[in-house]
Amino acid sequence: MKILLSPAKIMSLETNSSWNEHSQPILIDYSKKLQFVLKNYSPSELGNLLNISSKLSGENWERIQQWSPNPSKKECVQAIFAFKGEVYRGLNAESLSNSSLNYLQKNLLIISGLYGLLHPSDDIMLYRLEMGKKLKTEQANDLYGFWRNILTNYLNNQLKNDEPILNLASNEYFKVFDSKKLKGQIMNIEFKDYRNGSLKSIMTYFKNARGKMTRWCAENSITQLDDIKTYNEDGYEFSDQLSTKRNLIFIR
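Each residue of the sequence shown is one higher than the last, beginning at 1 in full-length UniProt numbering.
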């Protein structure tokens with residue numbers, strides 16, 4: 001089973017994990033093409049592209065100028081520890097055992113606007129480039145066009161015997177794939193909470209639950225989609241009534 005996650009805007013190079021697996025992102029040559037384009041942006045142009053403040057524009061412009069496909073150890077960290085958003089607070093990868101991290105190394109892929117797809121052990125530098133941004137290149141008018149065929153083909157090549165795909169990524173990131181061409185069965189996940197008498201998706205809880213489900217899969221060595229239905233962390237329970245063939249809904 002392959003698990004898909006989105007990245008996070010918040011990143012850090014700090015980690016206290018002893019997990020010693022390291023690798024270079026497999027699609028790094030495509031990252032070089034994107035960075036070549038980005039290096040020609042001024043700080044203000046970068047701010048307009050990313051829709052960020054002048055302070056963040058300056059910081060990220062510096063990151064782009066210093067970016068390297070082969071960073072030193074102090075300039076990078078494994079992808080599984082680099083992201084610090086709500087999903088990754090739920091995942092809490094630094095507290096996972098090495099066996100659970102090895103499970104994620106085999107099964108987890110993190111979608112990235114800059115790196116395409118990341119394995120947990122991939123050493124990456126700090127960056128800011130959401131998939132939905134309209135970065136024009138020689139190949140396409142935006143990142144979706146740049147990455148779609150590349151990522152769809154790569155994921156298909158990663159799938160063995162039509163492995164299922166557990167989609168815990170946001171729509172912004174998952175739609176980079178040509179889902180009609182993906183070989184494996186895709187299962188989408190939703191988390192809903194009762195509020196004022198009705199069920200609602202509360203984004204902070206939703207994101208955190210995505211990370212916790214990923215962690216639960218790793219700790220329990222989940223390989224089959226049917227096993228996902230037994231997930232019951234933080235009071236969530238599978239709803240057979242609300243779920244469909246391709247969309248599992250958990251409520252609390």
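Even for Gly, the Cβ is constructed at its ideal location relative to N, Cα and C.
**OP:** Go through the stretch 169-246 residue by residue and report every complete run of the alpha helix (DSSP H) that reaches 4 residues or more, in order.
**Re:** 171-174, 203-220 and 225-228
Subject >> C-alpha gap between L50 and A140, whole angstroms >> reply: 17 Å
**OP:** Within its chain, find whatever has a CB closer than 8 Å to the CB of E172; leave out the 5 residues flanking it on each side and keep chain order.
**Re:** S6, E130, M131 and G132
Original post:
Out of A82, K200, V77 and F36, which has the shortest C-alpha to C-alpha gap to W61?
Top reply: F36
**OP:** Please report how far the alpha carbon of E86 lies from the alpha carbon of I202, in whole angstroms.
**Re:** 12 Å
Original post:
Who are the near neighbours of L109 in its chain, counting only those whose CB is closer than 8 Å to its CB and skipping five residues on each side?
Top reply: K2, I3, L4, L5, L117, L118, H119, L155 and Q158
Original post:
Three or more C-beta pairs closer than 8 Å, one from the stretch 100-107 and one from the stretch 37-57: is that the case here?
Top reply: no
Subject >> Residues that DSSP places opposite K134 in a beta bridge >> reply: Its beta-bridge partners do not exist; DSSP assigns none.
Original post:
So is R195 buried or exposed if we call it buried at 16+ other beta carbons inside 10 Å?
Top reply: exposed
Subject >> From L225, L38, Y236 and K200, residue whose alpha carbon lies closest to that of K212 >> reply: Y236
**OP:** Going by CA-CA distance only, name the one from E219, Y115 and T223 that's closest to N92.
**Re:** E219
Original post:
In this structure, does DSSP put N167 in helix, strand or coil?
Top reply: strand
**OP:** Give the range of the alpha helix (DSSP H) segment to which S44 is assigned.
**Re:** P43 to L50
Original post:
Less than 9 Å separating the beta-carbons of R215 and G90?
Top reply: yes
Subject >> Supposed close pair D29, P71 - CB separation, criterion 8 Å >> reply: Actually they do not touch by this definition, with Cβ atoms about 16 Å apart.
Original post:
Once you ignore the five residues that flank T137 on each side, which residues in its own chain have a CB closer than 6 Å to its CB?
Top reply: V37 and F146
**OP:** Give, in chain order, every unbroken run of the alpha helix (DSSP H) that is at least 4 residues long and sits entirely within the stretch 18-94.
**Re:** 28-38, 43-50, 54-66, 79-82 and 86-91
**OP:** With a threshold of 16 other CB atoms inside 10 Å of the CB of R210, please say whether the residue is buried or exposed.
**Re:** buried
**OP:** Could you please give the first and the last residue of the uninterrupted beta strand (DSSP E) stretch that includes L108?
**Re:** L108 to S112
**OP:** Would you mind sorting R128 into buried or exposed? The rule is 16 or more other CB atoms within 10 Å of its CB.
**Re:** buried
**OP:** Check the C-beta distance from residue 256 over to T152 and give it rounded, since I have them as a contact under 8 Å.
**Re:** There is no way to answer for residue 256, as the model of the chain reaches only from 1 to 252.
Original post:
Does the Cβ-Cβ distance between K74 and L13 come in under 9 Å?
Top reply: yes
**OP:** Figure out for me which residue from P69, F191, G197 and S97 has the closest Cα to the Cα of N20.
**Re:** S97
**OP:** Report the three-state DSSP secondary structure of L248 (helix, strand or coil).
**Re:** strand
Original post:
I150 by DSSP, collapsed to three states: which one?
Top reply: helix
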